[in-house]
Amino acid sequence: MTPGAAGPPEPRDGAATWPIYRRLLGYTGRYLPIFFLALGGMIVDAAATAGFAAMLEPILDEALLARDPDVIATLPLLLVALFVCRGIGSFVAEYGMATAGRSVIRDLRRELFERYLVLPAAYYDRHPPGRFIARLTYNIEQVAEASTSAITVTCRDFFYIVFLLLVMFLQSVTLTVASLLIGPGLALLIFYVSRRFRRLSRKIQRSVGDVSHRTAEIVTGHREVKIYGARASEQGVFDDLNEDNRRQHLKLVATKAASTSLTQLAAGGALAGIVFVATRDAMLETMTPGSFVTFMTAMLGILPSLKRLTNVHVMIQKGVAAADSVFEVLDQPAEQGGGSEPIGSVRGELAFDGLTLRYDSDAAPALDDVSFTAQPGTVTAVVGRSGSGKTSLVSLLARFYEPTAGRILLDGHAIDSFDLEAYRRQLAWVGQDVVLFDDTVAGNVAFGALAGASEADITAALGAAGAMEFVERLPAGLGTRLGEGGAQLSGGQRQRIAIARAMLRDAPILLLDEATSALDTAAERVVQEALARVMKSKTTIVVAHRLSTVESADQVIVLDEGRVVEQGKHAQLLDQGGVYATLYRTGFRDPADRAKDRG
Numbered sequence: 001m002t003p004g005a006a007g008p009p010e011p012r013d014g015a016a017t018w019p020i021y022r023r024l025l026g027y028t029g030r031y032l033p034i035f036f037l038a039l040g041g042m043i044v045d046a047a048a049t050a051g052f053a054a055m056l057e058p059i060l061d062e063a064l065l066a067r068d069p070d071v072i073a074t075l076p077l078l079l080v081a082l083f084v085c086r087g088i089g090s091f092v093a094e095y096g097m098a099t100a101g102r103s104v105i106r107d108l109r110r111e112l113f114e115r116y117l118v119l120p121a122a123y124y125d126r127h128p129p130g131r132f133i134a135r136l137t138y139n140i141e142q143v144a145e146a147s148t149s150a151i152t153v154t155c156r157d158f159f160y161i162v163f164l165l166l167v168m169f170l171q172s173v174t175l176t177v178a179s180l181l182i183g184p185g186l187a188l189l190i191f192y193v194s195r196r197f198r199r200l201s202r203k204i205q206r207s208v209g210d211v212s213h214r215t216a217e218i219v220t221g222h223r224e225v226k227i228y229g230a231r232a233s234e235q236g237v238f239d240d241l242n243e244d245n246r247r248q249h250l251k252l253v254a255t256k257a258a259s260t261s262l263t264q265l266a267a268g269g270a271l272a273g274i275v276f277v278a279t280r281d282a283m284l285e286t287m288t289p290g291s292f293v294t295f296m297t298a299m300l301g302i303l304p305s306l307k308r309l310t311n312v313h314v315m316i317q318k319g320v321a322a323a324d325s326v327f328e329v330l331d332q333p334a335e336q337g338g339g340s341e342p343i344g345s346v347r348g349e350l351a352f353d354g355l356t357l358r359y360d361s362d363a364a365p366a367l368d369d370v371s372f373t374a375q376p377g378t379v380t381a382v383v384g385r386s387g388s389g390k391t392s393l394v395s396l397l398a399r400f401y402e403p404t405a406g407r408i409l410l411d412g413h414a415i416d417s418f419d420l421e422a423y424r425r426q427l428a429w430v431g432q433d434v435v436l437f438d439d440t441v442a443g444n445v446a447f448g449a450l451a452g453a454s455e456a457d458i459t460a461a462l463g464a465a466g467a468m469e470f471v472e473r474l475p476a477g478l479g480t481r482l483g484e485g486g487a488q489l490s491g492g493q494r495q496r497i498a499i500a501r502a503m504l505r506d507a508p509i510l511l512l513d514e515a516t517s518a519l520d521t522a523a524e525r526v527v528q529e530a531l532a533r534v535m536k537s538k539t540t541i542v543v544a545h546r547l548s549t550v551e552s553a554d555q556v557i558v559l560d561e562g563r564v565v566e567q568g569k570h571a572q573l574l575d576q577g578g579v580y581a582t583l584y585r586t587g588f589r590d591p592a593d594r595a596k597d598r599g
């Protein structure tokens with residue numbers, strides 16, 4: 001029994017913007033030297049832009065009207081110098097901030113992936129895979145906008161405005177003060193729009209996660225979709241999700257466009273007022289044509305910066321919403337590491353003492369007061385109806401979950417007293433859902449800590465698992481890439497690769513969760529013979545579904561609704577005529593054996 005998957009995680013709506021953004025800026029702070037270099041480039045760029053506006057006055061008044069030869073000779077050189085400085089400053093600013101931004105994305109992706117590797121199994125059970133993928137791809141890209149792009153726009157346009165305002169003040173204090181009256185209205189507009197942007201950004205992230213999750217389900221279950229004629233219904237569900245994503249994006253665009261239009265309208269009104277005041281007789285007497293053109297050029301240069309600054313909150317709010325979803329995972333506790341008691345030479349005695357497991361406090365227990373002992377070098381078969389708690393028992397032994405009550409002892413020591421990684425090195429595992437990676441045959445067998453195994457050892461493990469017969473026929477033998485999930489192999493072939501991996505591990509405890517379920521009878525006999533040789537020196541817990549597995553077991557544990565209802569050897573349990581005998585009669589045997597009985 002496994003806990004049911006819940007819906008997508010809800011965002012932390014109560015989370016304040018500033019604490020999240022401050023935490024995000026901490027990642028940018030790791031690259032302060034690059035940031036300050038880029039900041040210097042922005043200052044040079046802004047100063048050169050303002051310098052060009054300031055040069056319009058001497059160009060008009062002294063070069064064109066007064067025709068001063070010295071000014072005419074000097075101005076072209078100054079203009080070239082200004083644009084060279086602006087080009088260098090712009091390059092340094094853009095490249096520097098891009099370097100910092102991509103570094104932040106790399107760091108966040110690394111931390112998030114590291115967290116994925118240590119999250120407890122229960123967290124994966126509660127959340128769909130699509131949301132994990134969306135966080136690592138889409139959400140983190142949105143974070144980059146808030147952490148670097150928003151800072152770039154803010155700093156660059158702030159310097160533009162400061163330098164251009166200085167030019168305006170030098171031309172006319174009165175007109176400059178009048179132009180600043182637009183500020184309070186823009187501030188209120190930004191405050192309102194920013195709150196709406198954050199709400200819409202959360203909805204977009206949810207919709208992207210839903211689309212990713214649905215797509216992942218279809219890719220995984222494409223055979224079932226085709227066989228059961230679900231193409232139309234699945235397309236309908238996807239279309240609804242896709243349309244919701246489109247609507248949320250359009251709402252975001254509409255809000256952004258409306259805020260930009262209102263900003264431009266306010267700026268246009270202010271510009272009209274400035275022109276009206278500047279053309280009054282009193283102002284005309286104090287300003288030359290060059291001074292007026294310089295003032296208007298500086299003011300018009302400020303308007304695009306104001307427009308970009310009003311859109312900064314779009315980047316920040318989208319980034320903050322995305323960062324919140326990333327930090328929500330980063331703040332999840334890792335699976336418990338256990339104690340520090342050293343593991344010496346392991347005999348392999350396992351004792352299950354009053355083991356109880358509830359996946360949900362309100363649900364019935366998956367396991368209820370389970371107790372039995374597995375002696376070193378023996379095979380314990382765990383059987384029962386679907387949902388009786390067989391897989392839960394093995395998952396507790398692998399410490400994918402922690403028991404609600406009771407404990408498991410290894411050689412008399414509670415398994416949670418050992419370091420988690422050190423304890424798991426004592427286990428070899430083959431699950432009912434075989435997992436292979438997009439790697440070679442050798443890479444899949446010598447996986448993880450087994451990566452240093454020799455080719456001879458890998459070949460021996462494959463041979464013992466009955467896999468060499470098909471591996472030798474593959475195009476590159478051990479070097480053949482298997483594709484995602486081992487797509488090039490049949491179900492039985494994938495299972496034999498997984499069994500070879502467990503054999504290569506050569507751990508004192510072997511966990512087989514219906515490990516031969518995908519094998520036909522002939523292939524299973526080969527694997528069973530190989531497993532029998534390996535099991536002689538190991539403590540084996542096997543979740544069994546076939547008679548051939550159970551007949552040779554040293555003991556059989558029969559589970560029903562999470563409780564041990566019978567325990568003993570195969571023949572003894574048949575003689576008792578209880579739950580095990582019922583299972584035996586109703587299908588707990590090989591299909592060939594049942595056919596013989598019917599014959």
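Going by the numbering used here, the sequence shown opens with residue 1, and the numbers climb by one from there. Glycine included, C-beta positions come from ideal geometry on N, C-alpha and C.
Three-state class that DSSP yields for residue i in the structure shown
i    : result
E561 : coil
R126 : helix
V435 : coil
Q142 : helix
E514 : coil
D419 : strand
T378 : coil
E402 : coil
T61  : Reading off the sequence shown, one finds Asp at residue 61, where the question assumed Thr. Helix.
L252 : helix
G290 : helix
Q171 : helix
CA nearest to the CA of residue i, picked from the options
i    : options                : result
G632 : L117, A48, S90         : Examination of residue 632 is not possible in this model, given that the chain is present from 1 through 599 alone.
A476 : A500, V542, Y584, D439 : D439
D360 : P403, V565, R115       : P403
V383 : G568, D362, R23        : G568
E529 : Y584, H570, G466, G486 : G466
L77  : A100, F52, G89         : F52
T378 : A257, L531, G290, A522 : L531
M168 : A366, F352, G290       : G290
L436 : T294, S386, I302, I497 : I497
T391 : W429, P376, V92, T255  : W429
R385 : Q248, F400, T582, A502 : T582
L166 : T539, G389, M296       : M296
Cβ pair residue i, residue j closer than 7 angstroms
i    : j    : result
T480 : V534 : no
V471 : A461 : no
Q320 : Q426 : Checking the sequence shown, residue 320 turns out to be Val, not Gln. No, they are not a contact pair.
V542 : A381 : yes
A144 : M315 : no
S344 : D419 : For clarity, residue 344 is Gly in the given sequence; the question names Ser instead. No, Cβ-Cβ distance for G344 and D419 is not below 7 angstroms.
L450 : G406 : no
L241 : R214 : yes
F35  : A100 : yes
Q576 : D513 : no
S90  : D157 : no
T539 : P376 : yes
Pairwise C-alpha distance: residue j and residue i
i    : j    : result
L482 : A134 : 26 angstroms
P159 : A232 : Here residue 159 is Phe; the residue named in the question, Pro, does not match the sequence. Near 56 angstroms, if we compare the C-alpha coordinates of A232 and F159.
S606 : F292 : Here the chain covers residues 1 to 599 and nothing more, so residue 606 does not appear.
R556 : T373 : Arg is not the amino acid found at residue 556; the sequence shown has Val there. Using only the alpha carbons, I get a separation of about 11 angstroms.
E524 : Y124 : 32 angstroms
P11  : D331 : Note that P11 scores 41 on pLDDT, short of 50, meaning its location in the model is unreliable; the coordinates nonetheless yield the value given after this. Using only the alpha carbons, I get a separation of about 13 angstroms.
I274 : R115 : 57 angstroms
D554 : A500 : 23 angstroms
G87  : Y95  : 12 angstroms
L108 : D61  : 55 angstroms
L175 : P58  : 20 angstroms
R424 : E455 : 24 angstroms
M55  : I105 : 41 angstroms
P19  : E243 : 33 angstroms
R126 : F132 : 12 angstroms
E111 : D324 : 14 angstroms
L306 : M299 : 10 angstroms
Residue-level contact to chain D via CB, residue i, 7 angstroms cutoff
i    : result
R199 : Annotation note: the requested chain D is absent from the structure, which comprises a single protein chain.
Proximity test, residue i beta-carbon vs the ligand FAD heavy atom, cut-off 6 angstroms
i   : result
E57 : Of the ligands one can find in the structure shown there are none, so the ligand FAD has no counterpart to examine.
*Of all the beta strand (DSSP E) runs that stay within the bounds of the stretch 323 to 367, which reach a length of 3 or more residues?*
350 to 357
*Give, in chain order, every unbroken run of the alpha helix (DSSP H) that is at least 4 residues long and sits entirely within the stretch 438 to 474.*
441 to 445, 455 to 464, 468 to 471
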